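Participant: Numbering (the working numbering), first residue to last: 7 to 499. There's a structure below that I have some questions on.
Structure representation (structure tokens):
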């Protein structure tokens with residue numbers, strides 16, 4: 007069977023047909039022209055890049071500055087349609103989709119992607135979701151592909167758990183994060199893909215997660231909940247200008263991925279919803295999270311890399327992670343969390359221009375015995391906190407392990423953590439820094455920190471940590487000595 011031609015080819019071929027076909031072809035051209043990328047797409051000025059084969063960026067935590075290249079250094083591929091007039095553009099309506107909020111479109115989305123993946127080698131494809139309410143179960147994406155949600159388009163996650171099928175546990179976790187065995191697939195899923203863009207005119211994806219939250223609260227959940235969006239073993243991913251709502255579990259989860267940009271995304275979940283993390287880069291490299299607003303029932307951003315012996319065995323770290331200009335609130339967790347699943351290692355993380363309010367913590371590093379792994383070379387700078395319970399927290403002792411196979415002798419290494427230029431008002435407690443007795447946290451460097459609102463005595467609580475602090479108020483704990491030796495370790499001249 008002859009391969010389907012892109013729409014420009016269709017119009018050209020129509021000119022050689024009988025004259026009565028020509029008016030119909032002209033009408034078809036104007037109808038399809040409304041789907042052209044040049045008329046409906048808005049992207050960062052750096053997309054597409056001309057130097058897609060350039061070396062990967064290097065993100066180094068610097069004790070004096072967190073200036074880094076922008077997100078263009080992380081999206082190393084070319085958007086699959088920009089600059090390519092022969093891209094195939096289709097609407098979900100072409101596959102029988104009905105946007106009434108009642109009709110199931112699971113079959114339509116799956117059929118659309120199955121059809122469009124055949125054009126991955128011919129310039130790629132784009133699936134447009136028009137204005138409407140599009141109820142769907144889980145569906146997979148494909149490479150060289152764009153999912154575009156027009157203004158007013160709303161994807162709704164199915165309320166039938168059978169439309170969120172079970173898949174295998176991640177090897178770096180060894181089981182589902184919440185329950186033994188497999189886990190439910192994400193609503194939108196991608197595995198072993200490259201050059202994928204999910205964007206639109208600020209369309210929305212609503213996981214309708216209450217059904218899943220109630221199963222968690224009622225202890226009737228049989229398998230780990232699915233994410234709203236997950237990429238596995240994929241590269242060159244751009245998620246841009248969308249709103250994500252009511253995820254069953256973690257909202258956006260790139261795992262074993264590289265060259266990922268998540269930009270100008272809004273994530274909203276009820277503040278009491280369980281474990282609805284915003285964005286969780288996991289065992290991934292070259293990830294840039296920028297200009298995002300998040301309200302959730304867990305960490306706004308959480309950097310992870312596997313769980314105990316499974317993460318140690320896989321040894322796949324998260325590295326070169328940038329979190330910039332993120333703001334939001336979470337009453338139970340932190341603006342940015344590192345861990346507690348960090349057994350594959352986490353290094354080269356930059357957090358810059360973070361604004362958090364009415365939250366349990368500003369930033370938090372979480373680990374425990376049995377985790378192994380490392381957290382090194384982390385820079386957190388230009389953080390503004392309002393009405394935050396604990397502004398800076400390093401915690402231990404989660405006592406949270408996948409099974410009885412964890413090794414209590416597997417101790418984490420935490421070293422080279424730089425926190426600078428922090429302002430907090432309405433803060434309830436001074437920082438809490440708790441390392442491990444057999445694995446102290448080393449080179450903890452604090453500078454230019456002013457925290458206000460605490461009732462006296464506003465005393466830092468520190469144990470098994472060492473480093474230095476300069477221009478910090480209230481006065482830090484003695485563990486962060488400001489002598490010449492400790493200062494030179496943090497800020498070499």
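Quick reminder that beta carbons are idealized off the backbone N, C-alpha and C, glycines included. For clarity, every value in this text was computed on a predicted model and none was experimentally measured.
Could you tell me whether any non-hydrogen atom of the ligand NAD is closer than 8 Å to the CB of residue 292?
Facilitator: Absence of the ligand NAD from the depicted structure is noted, as is the absence of any ligand whatsoever, leaving it without description.
Participant: Which residue from 347, 394 and 361 puts its Cα closest to that of residue 371?
Facilitator: Looking at the Cα atoms, 347 is the closest of the given residues.
Participant: Judging by CA-CA distance, which residue of 102, 234 and 184 is the nearest neighbour of residue 146?
Facilitator: Closest option to residue 146, Cα to Cα, is 234.
Participant: Can at least three beta-carbon pairs, one atom from the region 248–266 and one from the region 205–219, be found at a separation below 8 Å?
Facilitator: The answer is yes - the region 205–219 touches the region 248–266, with three or more Cβ pairs under 8 Å.
Participant: For the beta strand (DSSP E) containing residue 467, name the first residue and the last one.
Facilitator: Segment 467–469, the beta strand (DSSP E) holding residue 467.
Participant: Please name the residue in 426, 337, 334 and 192 whose C-alpha comes closest to that of residue 168.
Facilitator: Per the Cα distances, 192.
Participant: For residue 487, which of helix, strand or coil comes out of DSSP?
Facilitator: Of the three classes helix, strand and coil, the one that applies to residue 487 here is coil, per DSSP.
Participant: Classify residue 229 as helix, strand or coil using the three-state DSSP reduction.
Facilitator: Of the three classes helix, strand and coil, the one that applies to residue 229 here is coil, per DSSP.
Participant: Taking 6 Å as the limit between beta carbons, can you name the residues of its chain near residue 399, skipping five residues before and five after?
Facilitator: Excluding sequence neighbours, residue 399 sits near 367, 370 and 438.
Participant: Quick one: give me the first and last residue of the alpha helix (DSSP H) that residue 424 is part of.
Facilitator: Unbroken run through residue 424 is the beta strand (DSSP E), 419–431; no alpha helix (DSSP H).
Participant: Can you tell me whether residue 157 is buried or exposed, with buried defined as 16 or more other CB within 10 angstroms of its CB?
Facilitator: Residue 157 should be labelled exposed.
Participant: For residue 260, write down the residues that DSSP places opposite it in a beta bridge.
Facilitator: Paired residues: 237.
Participant: Using DSSP with H/G/I as helix, E/B as strand and the rest coil, what is residue 93?
Facilitator: Three-state result, residue 93: coil.
Participant: Could you have a look at residue 174 and say whether DSSP puts it in helix, strand or coil?
Facilitator: Of the three classes helix, strand and coil, the one that applies to residue 174 here is coil, per DSSP.
Participant: Return the Cβ separation of residue 265 and residue 81 in integer angstroms, given the expectation that the two are a contact with Cβ distance under 8 Å.
Facilitator: About 6 Å; that satisfies the 8 Å criterion.
Participant: Please go through the same chain and pick out, in chain order, the residues whose beta-carbon is closer than 6 Å to the beta-carbon of residue 429, but skip the five residues on each side of it.
Facilitator: Excluding residues within five positions, the ones whose Cβ falls inside 6 Å are 390 and 456.
Participant: Any chance you could list the beta strand (DSSP E) runs of at least 3 consecutive residues sitting entirely within the region 379–424, in chain order?
Facilitator: DSSP runs (the beta strand (DSSP E)) wholly in the region 379–424: 380–392 and 396–401.
Participant: Output needed for residue 481: all residues of its chain with C-beta closer than 6 Å, excluding positions within five of it in sequence on either side, in chain order.
Facilitator: Nothing meets the Cβ criterion.
Participant: Alpha carbons only, please: which of 330, 272 and 322 is nearest the one belonging to residue 246?
Facilitator: The candidate whose alpha carbon is nearest that of residue 246 is 272.
Participant: Between the alpha carbons of residue 469 and residue 302, how many angstroms are there, rounded?
Facilitator: If I take the Cα positions, the gap works out to 30 Å.
Participant: Is residue 108 buried or exposed, if buried means 16 or more other CB atoms sit within 10 Å of its CB?
Facilitator: Looking at its Cβ environment, which holds fewer than 16 other Cβ atoms inside 10 Å, residue 108 is exposed.
Participant: How would you call residue 223, buried or exposed, if buried means at least 16 neighbouring beta carbons within 10 angstroms?
Facilitator: By the 10 Å Cβ count, residue 223 comes out exposed.
Participant: Am I right that residue 319 and residue 282 are in contact with their C-beta atoms under 8 Å? What's the rounded C-beta distance?
Facilitator: The pair is not a contact, with the Cβ atoms about 29 Å apart (cut-off 8 Å).
Participant: Which ranges would you report for the alpha helix (DSSP H) in the region 348–379 if only whole runs of at least 4 residues count?
Facilitator: Those alpha helix (DSSP H) runs which fall completely within the region 348–379 and span 4+ residues do not exist here.
Participant: Do the region 418–433 and the region 330–340 touch if we need at least three Cβ pairs shorter than 8 Å?
Facilitator: No, the region 418–433 is not in contact with the region 330–340.
Participant: Might you give, ordered along the chain, the residues of its own chain that have their beta carbon closer than 7 Å to the beta carbon of residue 122, omitting 5 neighbours on each side?
Facilitator: If we look at residue 122 and ignore the five residues flanking it on each side, its Cβ neighbours are 94, 96, 131, 133, 148 and 151.
Participant: Once DSSP output is grouped into helix, strand and coil, what is the label at residue 571?
Facilitator: Since the displayed the chain opens at 7 and closes at 499, residue 571 lies outside it and no answer follows.
Participant: Are the C-beta atoms of residue 190 and some chain B residue less than 9 Å apart?
Facilitator: Within the model displayed, chain B is absent; a lone protein chain is all it includes.
Participant: Look at the Cβ atom of residue 296, then the Cβ atom of residue 327, and state whether they are nearer than 9 Å.
Facilitator: No, Cβ-Cβ distance for residue 296 and residue 327 is not below 9 Å.
Participant: For the alpha helix (DSSP H) that contains residue 458, what are its first and last residues?
Facilitator: First-last for residue 458: undefined, no H or E at that position.
Participant: Can the beta-carbon of residue 209 be found closer than 9 Å to that of residue 135?
Facilitator: It is a contact, given that the beta carbons lie within the stated cut-off.
Participant: Looking only at its own chain, which residues have a Cβ that is under 6 Å from the Cβ of residue 423, when we skip the five neighbours before and after it?
Facilitator: Counting only Cβ-Cβ distances below 6 Å, and skipping sequence neighbours, we find 384 and 450.
Participant: Based on the DSSP secondary-structure assignment, which residues constitute the bridge partners of residue 307?
Facilitator: According to DSSP, residue 307 bridges with 285 and 342.
Participant: Tell me the DSSP secondary structure of residue 194 in three-state form.
Facilitator: Residue state, collapsed to three classes: strand.
Participant: Starting from residue 151 and walking both ways along the beta strand (DSSP E), at which residues does that stretch end?
Facilitator: First-last of the beta strand (DSSP E) with residue 151: 151–155.
Participant: For residue 460, which residues from the same chain have a beta carbon less than 8 Å from its beta carbon, with the 5 sequence-adjacent residues on both sides left out?
Facilitator: For residue 460, where only same-chain residues beyond five positions count, the Cβ hits under 8 Å are 433, 434, 435, 436 and 480.
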